[in-house]
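Report on the structure given below.
2 protein chains.
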Amino acid sequence: MKRLFEIDPWLVATHQLDKADRRLQESITAVGNGYMGVRGNFEEGYSGDSLQGTYLGGVWFPDKTRVGWWKIGYPEYFGKVINAPSFLDIGITVNGQRIDLATSQYRDFYLALDLHQGLLKRQFVYIGDDVEVRFEFSRFLSQVIKEAALITVKATVLRGHATIVFDARLNGRVTNEDSNYDERFWVPLDEDAAAKSMQLQTKPNPYGVPQFTVLLKQQLRVKDQPVDGQLTTKSGRLNEQVAVQLDAGQNFQLEKDAIVVTSRDVAPDDQAAVAAQLMKQVTGQSFSAHLADHTAIWDQRWAKSDVVIEGDPAAQQGIRFNIAQLFMTYYGEDKRLNIGPKGFTGEKYGGATYWDTEAFIVPMYLAVTPPEVTRALLQYRHDQLPGAYHNARQQGLAGALYPMVTFNGIECHNEWEITFEEIHRNAAIAFAIYQYTAYTGDESYVNHDGLEVLVGIARFWADRVHFSQRTQQYMIHGVTGPNEYENNVNNNWYTNTMAVWELQYTLERLAKGDTEIVAALAVTDEEKQHWQAIIAHMYYPTDDQLGIFVQQDNFLDKDLRPASTIPVDQRPINQHWSWDRILRSPFIKQADVLQGLYFLNDHFTKAEKERNFDFYEPLTVHESSLSPSIHAILAAELGKMDKATDLYARTARLDLDDYNHDTQDGLHITSMSGSWLAIVQGFAGMRYDHDQLRFHPQLPKNWQRYQFKLNYRGRLLAVDVGKQAKISILAGPALDIVVDDKPLHLEVGETHA
Amino acid sequence: MKRLFEIDPWLVATHQLDKADRRLQESITAVGNGYMGVRGNFEEGYSGDSLQGTYLGGVWFPDKTRVGWWKIGYPEYFGKVINAPSFLDIGITVNGQRIDLATSQYRDFYLALDLHQGLLKRQFVYIGDDVEVRFEFSRFLSQVIKEAALITVKATVLRGHATIVFDARLNGRVTNEDSNYDERFWVPLDEDAAAKSMQLQTKPNPYGVPQFTVLLKQQLRVKDQPVDGQLTTKSGRLNEQVAVQLDAGQNFQLEKDAIVVTSRDVAPDDQAAVAAQLMKQVTGQSFSAHLADHTAIWDQRWAKSDVVIEGDPAAQQGIRFNIAQLFMTYYGEDKRLNIGPKGFTGEKYGGATYWDTEAFIVPMYLAVTPPEVTRALLQYRHDQLPGAYHNARQQGLAGALYPMVTFNGIECHNEWEITFEEIHRNAAIAFAIYQYTAYTGDESYVNHDGLEVLVGIARFWADRVHFSQRTQQYMIHGVTGPNEYENNVNNNWYTNTMAVWELQYTLERLAKGDTEIVAALAVTDEEKQHWQAIIAHMYYPTDDQLGIFVQQDNFLDKDLRPASTIPVDQRPINQHWSWDRILRSPFIKQADVLQGLYFLNDHFTKAEKERNFDFYEPLTVHESSLSPSIHAILAAELGKMDKATDLYARTARLDLDDYNHDTQDGLHITSMSGSWLAIVQGFAGMRYDHDQLRFHPQLPKNWQRYQFKLNYRGRLLAVDVGKQAKISILAGPALDIVVDDKPLHLEVGETHA
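Residue numbers (the UniProt record's numbering), protein chains in the order written: chain A, 1 to 753; chain B, 1 to 753.
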């Protein structure tokens, strides 16, 4: 655990430049607007250890992965999030001295991310020979004009005389740290000094993946008026210098506006004109007016999603940080995008879409964003159905296999034990359709596009199982379950269970689907009988003596010891143990059997849940950021509130407190819903199976109160859990819910305790 | 199956230049001398599809393998066999036209590898405008001066007048096809036109692997006299041109002698002088005199190893081809070298040493080469013991883990499921010590260096097993058995069985080892007790109903179907099926349980062998070149001579008939012992457990006779199996053996039927 920032309800701020943990600071102070994002890199540059990162949604590169022994069915390339050309740079010299906080003298450093609207502010006083200058920076990526980044820097001379030169740059000479051979992914096409723009293209690839062309354009302003600096260009580089002379007491504020358009939206030949038009929009209004418009959008979002915690300021900050970072990553505007594990905050992992979205983000987004935001996430998968069919075909299998990692529907990860073995993701994608339908009551997706997804997945399962003559049961061999600390196991209980659930749900929905879709899908009676046979005769590993579901066929033969026996200096084990040792160990990375009990919560008895929780949780090292929240929810349900509260702490401030020692690489964006889920589904016990909203509110010992809002079928509900729990409708029609197993009728204006 | 060459007892010859299968021809006509080797590339160049390959024993490059998600215990690099600078080239023009058989007009093509001494001959008549020229080539790599390659080319003008220019080259501008990013592995250091030499170095690497420096030198001769052509150099290139004018009926023969020295033997600064000295040796004697010296060495080898087959000319050719190629790869001269899967015939697979050596080569070499040749193979492993300890440490384990693939003892392959899971190799390395000792009766290795190897391996097994509380037995989870068509399985019967055998053998030998070695090894009583406990309480998967040993815990749950159900157009499955499908299928790549029954032949009853053979062989697709021979041996033992003969056919001419459709990449060198083993251990039933040589000779139906020789404890034995079997001692003291379970006393001069 490492806490660099001060506790505050709406700010993530620090008065320390932590040079040893600069990367961690950069990750935490990343800002984004769903279209693009930038790490908390310094405008003026920084020669110390740093990870430069600017990322554009949906812009990537298929990097060759030659692993020596390529086998049929292996993906051909590893899809990489690439560091995009940067619009951020404003180099600064004072009296000829370059400002570089790694080497310069400074005081009064302050860095603050305002969570309310994703506004990053920074200031410091530069101490030179006979001169002191205060610098103040602000930046945000507009929620109104997605292509726009707005940056200001203000210099105030406190002592002496300063000649300050600002060197505002567009910089295409960027690289990825995560590349095989230090190759560059960007090829400069053109620099246009007159237009103050630069165009680049991703380098060619042999996989038929389109090359991306981007155009960056900048405009400097002083007192809201455009100014022209001295322009120079080099290949992949555009510099614009503005020099000012200031005496003590004088100040000067420079604004840098940047526009980034990509060939995802604008054809390369049109990019210059479109960027000029967008820039005109930007320069037509002051920085503060833009910020006000931008903030108004955030106000609306927070009104539907804020969570208030009394009695635990750290938890309060944690949940708001998570919500803000999630919304900076995705708010459903572009159906071609999804929520990558690092969002716009790092280049690790590759790919942009994992099962994390369906398993962990959907249940939260359903409740805190308008239904169309979640529906966009579902639509994304439908739009990528051809890729899923392709992936299954690559394995010689029928139906649709959604990718573990992708940008475009085609699997783009490079480990066989993940790509064609961690197939449980297919079930999560179907389960999200169920969740959306059950929560919103909107059947239009599941009856139409969603049904195509369900049937594609069902056909995959039906081909992927095999019938074991010896046991006369269906089995699923060769899988990796949610616990990625085991690979290539047989009969992972979770996978088998979810596969059968998916077949059942598909059969059920098929009977209700839109006629023309059902006809087009042409599921034969023979197919249905086969699905029914699988449902009836699936094998599930269980242990009667222990009364548990068994994670996989050979799990109980392991050297079973609780995770508490691992010496503290060997945690996390994935940073200390060989993969061999981890695979053979009994230690579980994240919920596996318990993930099934979480998803299919109403299918199991409390006693079943309790026995399995008590068996598996002690074996769990929670080294996936996705782990603690699911355990917290089950612990709360089982009345283990101390355990739930402990686990909650690991999810709420995972990045702010760098629990997993890896936030320097980027934030754990897709895990950020975990703290919300732990509060809402855990502490408040919210469930929504069977078209019925239910609660079972509990309050963690050290909290005075927590409050959250839910968007549910046209209503805005407020839940307020203090010593007593109060639930009310803020807007929308009356609603019958269940609280602590008792029916409750809600109407606007009434509050029920 | 694809047969490009004519059947002949001592020649592999063809009158066809097969342009579509040029790579296959090149593989089959490769020559080597244990120090270096060269594929059957054409001296004059060839612009058609071709794999250029010159390989120097022990010269390699550690190529980065970045697979995205490197985990602790993964090897850092993939060790690559690199294509070495070439000494082969002699470009030819006739009247200004370049000779290139891919495009030139020609007739009377002939290509022949003389198996007796590894001499490659080629001729063709070039048809130009108004000119016809016969070209005749010879090449061999000397067994006397290992650094020397001798090449002659003779031109005879049949029609017209010819100006012929020979352009003899040293060429360092070579690449690997098997490289990640088309990178070059060689950096030119120097070209010396006066000395007709060129020096190059492998490029730097970040892994601490030494860079190799090589020097190539050439000398042209005409009628045994050195001549100087016109020399030009470029970076990494040296050209020497000789032009002649010939009228019809005239001929001209040019000899190109080449010397290659490497920093493995000669420090870079000394290479020029050493090469000059070696070249002096070469030019001091005629080509034919060198060839005679070279052939004399081969005569001695064949006298101890030839196998004669009557009634099956294809089989006769096959076994001689295999023996010749094996001896061209390794005859024990350099203890730092081993037998790579492709020898000097291709660049695939990487690494130079696999368990193939111990499992498949040692049992043959023991009988056909002097004992010191096999002992050199054992010594190689002892010399790499530090690497084996390193490999185990990388996994957090005690003891020694021999690498699956290596050049220097350090694991250099890049698939986790192989590198730290296919640990059964450790047992084969110990078993080779047992075989050497049992066959030769020489205990000096096992009591000293060999004991260090055995104890290192035993300590590894003792740490690698775990105790399953549930079953109260020791288990080995997370392994890949010899059947690489399953990965990461639990309790592979073969691995568990061989691990226990190794512990037993180590305990047994420890009691007899040299005192100072035993003292230094300091095996504690506690350790011995632990080993004894593992021996006593190891778990072995078995099935009482089927009466078989079970390949691994979940094997019998598979969709068990015989390999005969696979459609012919889907064979080999590794070229048609996804890896997912292969892993989950019941189909076996090579002997697994049966490998154990082969090694520990005297530990099991005939009924046990038969039940397991009848269960597993039908599931086996024999897609490893190592598979058919082991099955042929067991089939013969079980009296299934038809099956044994069928399987023999797949091993004897595996490369000559391109059974696996991959010989174009290089020969299956380490499988070449298979045909010998199938004859000697299979048809002739030779066994040597318990210090007793035993035979149970049988004759395949379609053969009239087979004869082979054995070197056994100071004797040379001849075995002659026709309608009757005759065994005799050609040299050495009397010997008591067992034939068909009956004792037989042999003395020189007597022949026993």
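Note that the Cβ used here is the ideal one computed from N, Cα and C, for glycine as well. These figures come from a predicted structure and were not determined experimentally.
Determine the burial state of residue i: buried for a count of at least 16 other Cβ atoms within 10 Å of its Cβ, exposed for fewer.
{"i": "residue 754 of chain A", "result": "The requested residue 754 of chain A does not occur in the structure, where chain A is confined to residues 1 to 753."}
{"i": "B/K742", "result": "exposed"}
{"i": "A/T515", "result": "exposed"}
{"i": "A/R107", "result": "exposed"}
{"i": "A/Q317", "result": "buried"}
{"i": "A/Y35", "result": "buried"}
{"i": "B/Y77", "result": "buried"}
{"i": "B/Y540", "result": "exposed"}
{"i": "B/W676", "result": "buried"}
Let me check you understand the geometry: is the CB of residue i closer than 7 Å to at least one non-hydrogen atom of the ligand ATP?
{"i": "B/M328", "result": "The model on display carries no ligand, and the ligand ATP is accordingly not part of it."}
Beta-carbon of residue i versus every beta-carbon of chain A: anything under 8 Å?
{"i": "B/M475", "result": "yes"}
{"i": "B/H161", "result": "no"}
{"i": "B/Q551", "result": "no"}
{"i": "B/R611", "result": "no"}
{"i": "B/I72", "result": "yes"}
{"i": "B/R425", "result": "no"}
{"i": "B/D559", "result": "yes"}
Residues in the same chain with beta-carbon distance under 6 Å from residue i, minus the five sequence neighbours each way, listed in chain order, please.
{"i": "A/Y439", "result": "L366, Y688"}
{"i": "B/D720", "result": "Q707, K726"}
{"i": "A/G441", "result": "R713"}
Report the option in the options whose CA atom is closest to the CA atom of residue i.
{"i": "B/T437", "options": "B/G513, B/G456, B/R336", "result": "B/G513"}
{"i": "B/T542", "options": "B/S288, B/G351, B/N554, B/Q532", "result": "B/N554"}
{"i": "B/G343", "options": "B/A684, B/T670, B/G682", "result": "B/T670"}
{"i": "B/L101", "options": "B/W676, B/P618, B/V165, B/F42", "result": "B/F42"}
{"i": "A/H382", "options": "A/A398, A/G409, A/D190, A/M404", "result": "A/G409"}
{"i": "B/K146", "options": "B/A248, B/D293, B/T515", "result": "B/D293"}
{"i": "B/E411", "options": "B/G351, B/L397, B/L454", "result": "B/G351"}
{"i": "A/L326", "options": "A/V31, A/V274, A/E623", "result": "A/V31"}
{"i": "B/F61", "options": "B/V738, B/H530, B/R23, B/R184", "result": "B/R184"}
{"i": "A/I548", "options": "A/T645, A/A649, A/W493, A/L583", "result": "A/W493"}
{"i": "A/E136", "options": "A/E526, A/G128, A/E255", "result": "A/E255"}
{"i": "B/G714", "options": "B/L200, B/P371, B/G284, B/G118", "result": "B/P371"}
{"i": "A/V307", "options": "A/N322, A/T295, A/I297", "result": "A/N322"}
Does the beta carbon of residue i sit closer than 8 Å to a beta carbon anywhere in chain B?
{"i": "A/K589", "result": "no"}
{"i": "A/T471", "result": "yes"}
{"i": "A/Q394", "result": "yes"}
{"i": "A/W501", "result": "no"}
{"i": "A/F420", "result": "yes"}
{"i": "A/L51", "result": "no"}
With a threshold of 8 Å on Cβ separation, who are the neighbours of residue i within its own chain once the five nearest residues in sequence on each side are excluded?
{"i": "A/A587", "result": "Looking at the sequence itself, residue 587 of chain A is Phe, so the reference to Ala does not match. The residues are Y485, A563, I566, I573, L619, T620, V621."}
Quick one: residues in its chain with C-beta nearer than 7 Å to the C-beta of residue i, no 5 flanking neighbours on either side, listed in chain order?
{"i": "A/R425", "result": "W355, Y402, M404"}
{"i": "A/T751", "result": "K726, S728"}
Item to check | Within the region 187-269 of chain B, ranges of the beta strand (DSSP E) (whole runs, at least 3 residues) | outcome: Listed in chain order, the beta strand (DSSP E) elements of length 3 or more contained wholly in the region 187-269 of chain B are 197-202, 213-222, 225-227, 230-234, 237-247, 251-262.
Next on the checklist: As an exercise, report each continuous alpha helix (DSSP H) stretch of at least 4 residues that is fully enclosed by the region 64-88 of chain B, in chain order.
Outcome noted: Complete alpha helix (DSSP H) runs here, min 4: none at all.
Next on the checklist: Runs of 4 residues minimum, wholly inside the region 467-511 of chain B: which ones carry the alpha helix (DSSP H) assignment?
Outcome noted: Correct list: 493-510.
Checklist entry - Which runs of the alpha helix (DSSP H), 4 residues or longer, sit entirely within the region 645-682 of chain B? => result 673-677
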